[in-house]
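Trainee: Could you have a look at this structure, given as structure tokens, before my questions?
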Amino acid sequence: MRRTRASPATPQWARRRRGVVRDAVGVGVATGAYGLSFGAIGAAAGLTVAQTCATSVLIFTGASQFALVGVLAAGGTPAAAALTATLLGTRNALYGLRLSSLLQLRGTSRLVGAQLVIDESTAMALAHEDDPLARRLAFWSTGLAVFVLWNLATLGGALAGTALGDPETFGLDAAVPAAFLALLWPRLTDRRARVVALGAAGVALLLTPVAPAGVPVMAAALVAVGAGMVWRDALTGSATDERGPP
Amino acid sequence: MTTVAIVAAAAGCYLFKLLGLSVPESVLDRPVVRATAIALPVALLAALAAVQTFASGEALVLDARAAGVVAAVVALLLRAPFLVVVGVAAVTAAALRALGVA
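Protein chains in written order, with our numbering: chain U, 40 to 285; chain G, 1249 to 1350.
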């Protein structure tokens, strides 16, 4: 880790600032691909363009958003959809935990900054943790770049998805599980993670014929709780992924 | 009803983001909490993928979606980017339906 303490007046800092902002915009552009898919899938799930866009503005954490529209599209209750989305958002608490000592946010900036606590902004802040100024800039610039581009892409995807019409004709109903699988894939590097994934999928499928829609997925969360207790010292990895969705 | 779900999920997700920024590190930084938080997205995403592939109401069915997901797995094994993975699944399912196969 470099120990260069940048001061705002130096050319080193000017160079570093440009680099941080350039990376932030690059990460924001990369999340656009996920935003487009989310917008189209939201529209296919029967959400209006306004509802799809509100989801990206208000929830602003990708996996939770995909889960919300997925559960609603499958006929789950609003409560089941909201609970599944919230459970998927719990990992952001761990990101916030790492960030709180790095950023020292207080008052209004903490309330605003909290919405920007996502994989990308955390990864970028951690990448610049050697310097207080750089890590703050990395967090805010990445968070804002992703927020703007994620929401623009959502709007584009929702408009395109609405224009396409019947989702089944275009296979958009197959795009939904494919999206979940693509979000899951990078997390399967560890053998224990693969066991958790298979166990959770099995539980959800076994319960599908007997439980109301939405409940099988929430029941699968218990597999995670069990795994967390049994493998509390062994389940590692799944570090923040700045190339995934927010 | 959809709007209720969006607002409730937004409140829940925001509170967890704020919680991390607000509590002392020692409260949440326990092995069990950390391991569960790592396992939760794995379990939920796997369950969602499985249910969305095979469930039709309360029945489990094998239709064009499963073929689309198989195509998506191939794309993932070939390290294709996210949009390609999702696109391949959609095109595969749509093509099979257009051909009347599934």
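Cβ atoms here follow ideal geometry from the backbone N, Cα and C, with glycine treated the same way.
For clarity, every value in this text was computed on a predicted model and none was experimentally measured.
Can you list the beta strand (DSSP E) stretches of 3 or more residues lying completely in the segment 90 to 172 of chain U, in chain order?
Mentor: You should have found no qualifying run.
Trainee: Using beta carbons (cut-off 8 Å, strictly below), is Leu-1347(G) in contact with chain U?
Mentor: What you label residue 1347(G) is simply residue 99 of the second sequence in a count that begins at 1. Not an interface residue.
Trainee: Determine the burial state of Val-187(U): buried for a count of at least 16 other Cβ atoms within 10 Å of its Cβ, exposed for fewer.
Mentor: The residue given as residue 187(U) occupies position 148 in the first sequence. The residue is exposed, with fewer than 16 neighbouring Cβ atoms inside 10 Å.
Trainee: Quick one, are the C-beta atoms of Gly-102(U) and Leu-1324(G) less than 8 Å apart?
Mentor: In the first sequence, residue 102(U) corresponds to position 63, counting from 1. In the second sequence, residue 1324(G) corresponds to position 76, counting from 1. Gly is not the amino acid found at residue 102(U); the sequence shown has Ala there. No, they are not a contact pair.
Trainee: What residue does the alpha helix (DSSP H) around Leu-1293(G) start on, and which one ends it?
Mentor: Your numbering for residue 1293(G) matches position 45 in the second sequence. Segment 1279 to 1302, the alpha helix (DSSP H) holding Leu-1293(G).
Trainee: Relative to the C-alpha of Leu-20(U), which residue among Ala-213(U), Ala-63(U) and Asp-158(U) is closest?
Mentor: No answer is possible for residue 20(U): the residues shown for chain U start at 40 and end at 285.
Trainee: According to DSSP, simplified to helix, strand and coil, what is Arg-41(U)?
Mentor: As a first step, residue 41(U) must be located in the first sequence, where it is residue number 2. Reliability fails at Arg-41(U), whose pLDDT of 49 lies under 50, so the model's placement of it is uncertain and the value that follows must be treated cautiously. Coil.
Trainee: Counting only Cβ pairs nearer than 7 Å, list the residues of chain U close to Leu-1326(G).
Mentor: Taking the second sequence and counting its residues from 1, the one referred to as residue 1326(G) is at position 78. The premise fails here: Leu-1326(G) is roughly 12 Å from chain U at the closest Cβ pair, so nothing lies under 7 Å.
Trainee: Please look up how many angstroms separate the CB atoms of Val-66(U) and Val-185(U), rounded, as I've assumed it's under 8 Å.
Mentor: Taking the first sequence and counting its residues from 1, one reaches residue 66(U) at position 27. Taking the first sequence and counting its residues from 1, one reaches residue 185(U) at position 146. With 8 Å as the limit, Val-66(U) and Val-185(U) qualify as a contact, their Cβ atoms being about 6 Å apart.
Trainee: Take the Cβ of Thr-205(U) as the centre, count every other Cβ of all protein chains shown within 10 Å, and call the residue buried at 16 or more, exposed below.
Mentor: Working through the first sequence from its first residue, we reach residue 205(U) at position 166. First, the amino acid is wrong: residue 205(U) is Asp here, not Thr. Classification of Asp-205(U): exposed, given that the 10 Å Cβ count is below 16.
Trainee: Does the contact criterion of 3 or more C-beta pairs under 8 Å hold for the segment 163 to 183 of chain U versus the segment 120 to 127 of chain U?
Mentor: Segments in contact, no.
Trainee: Any beta-carbon of chain G closer than 8 Å to the one on Arg-61(U)?
Mentor: In the first sequence, the residue the question calls residue 61(U) occupies position 22. With 8 Å as the cut-off, Arg-61(U) does not count as an interface residue toward chain G.
Trainee: Tell me whether Ala-273(U) is buried or exposed, calling it buried when 16 or more other Cβ atoms sit within 10 Å of its Cβ.
Mentor: Here residue 273(U) refers to the residue found at position 234 when the first sequence is read from its first residue. With fewer than 16 Cβ atoms within 10 Å of its Cβ, Ala-273(U) is classed as exposed.
Trainee: With a Cβ-Cβ cutoff of 8 Å, do Gly-210(U) and Thr-1301(G) count as a contact?
Mentor: Indexing the first sequence from 1 puts residue 210(U) at position 171. Indexing the second sequence from 1 puts residue 1301(G) at position 53. Contact: no.
Trainee: If we define contact as Cβ-Cβ less than 8 Å, is Leu-1269(G) a contact residue for chain U?
Mentor: Residue numbering aside, residue 1269(G) sits at position 21 when the second sequence is read from its first letter. So yes, Leu-1269(G) belongs to the interface.
Trainee: With a 10 Å radius around its C-beta and 16 neighbouring C-beta atoms as the bar for buried, classify Ser-1346(G) as buried or exposed.
Mentor: By 1-based counting over the second sequence, the position of residue 1346(G) is 98. For the record, residue 1346(G) in the displayed sequence is Ala; it is not Ser. Result: exposed.
Trainee: Looking at the unbroken alpha helix (DSSP H) that takes in Met-268(U), where does it start and where does it end?
Mentor: The count along the first sequence starts at 1 and reaches residue 268(U) at position 229. Met-268(U) -> alpha helix (DSSP H) spans 254 to 269.
Trainee: Can you tell me whether Arg-137(U) is buried or exposed, with buried defined as 16 or more other CB within 10 angstroms of its CB?
Mentor: Translated into positions along the first sequence, residue 137(U) becomes position 98. Under this definition Arg-137(U) is a buried residue.
Trainee: For chain U, check one thing: does any of its Cβ atoms lie closer than 8 Å to the Cβ of Ala-1337(G)?
Mentor: Counting from 1 along the second sequence, the entry for residue 1337(G) is found at position 89. Chain U contact via Cβ: present.
Trainee: Name, going along the chain, the residues of the segment 1271 to 1296 of chain G whose beta-carbon falls closer than 7 Å to a beta-carbon of chain U.
Mentor: Against chain U - using a Cβ distance shorter than 7 Å - the residues of the segment 1271 to 1296 of chain G are Glu-1273, Leu-1276, Asp-1277, Pro-1279, Val-1280, Arg-1282, Ala-1283, Thr-1284, Ala-1285, Ile-1286, Ala-1287, Leu-1288, Pro-1289, Val-1290, Ala-1291, Leu-1292, Leu-1293, Ala-1294, Ala-1295 and Leu-1296.
Trainee: Contact between the segment 163 to 172 of chain U and the segment 1294 to 1311 of chain G: three or more CB pairs below 8 Å?
Mentor: Segments in contact, no.
Trainee: Identify whether Phe-1264(G) lies in helix, strand or coil by the three-state DSSP scheme.
Mentor: Working through the second sequence from its first residue, we reach residue 1264(G) at position 16. In this structure, Phe-1264(G) counts as helix in the three-state DSSP scheme.
Trainee: In three-state terms, what does DSSP make of Ala-278(U)?
Mentor: Taking the first residue of the first sequence as position 1, residue 278(U) is located at position 239. Residue confidence is low: Ala-278(U) scores 47 on pLDDT, short of 50, so the model does not pin down where it sits. Its coordinate-derived value is still stated next. In the structure shown, Ala-278(U) sits in coil (DSSP, three-state: anything other than H, G, I, E or B).
Trainee: Give me, in chain order, the residues of the same chain whose beta-carbon lies closer than 7 Å to that of Ala-1338(G); leave out the 5 immediate sequence neighbours on both sides.
Mentor: For the purposes of this step, residue 1338(G) is identified with residue 90 of the second sequence, where counting begins at 1. Cβ neighbours of Ala-1338(G) beyond the five flanking positions: Gly-1316.
Trainee: From the DSSP output, read off the bridge partner residues of Ala-1253(G).
Mentor: Here the question's residue 1253(G) lines up with position 5 in the second sequence. Ala-1253(G) is not bridged to any residue.
Trainee: Please identify the residue among Cys-92(U), Leu-223(U) and Pro-47(U) whose C-alpha is closest to the C-alpha of Gly-195(U).
Mentor: What you label residue 195(U) is simply residue 156 of the first sequence in a count that begins at 1. Measuring from the Cα of Gly-195(U), the nearest candidate turns out to be Cys-92(U).
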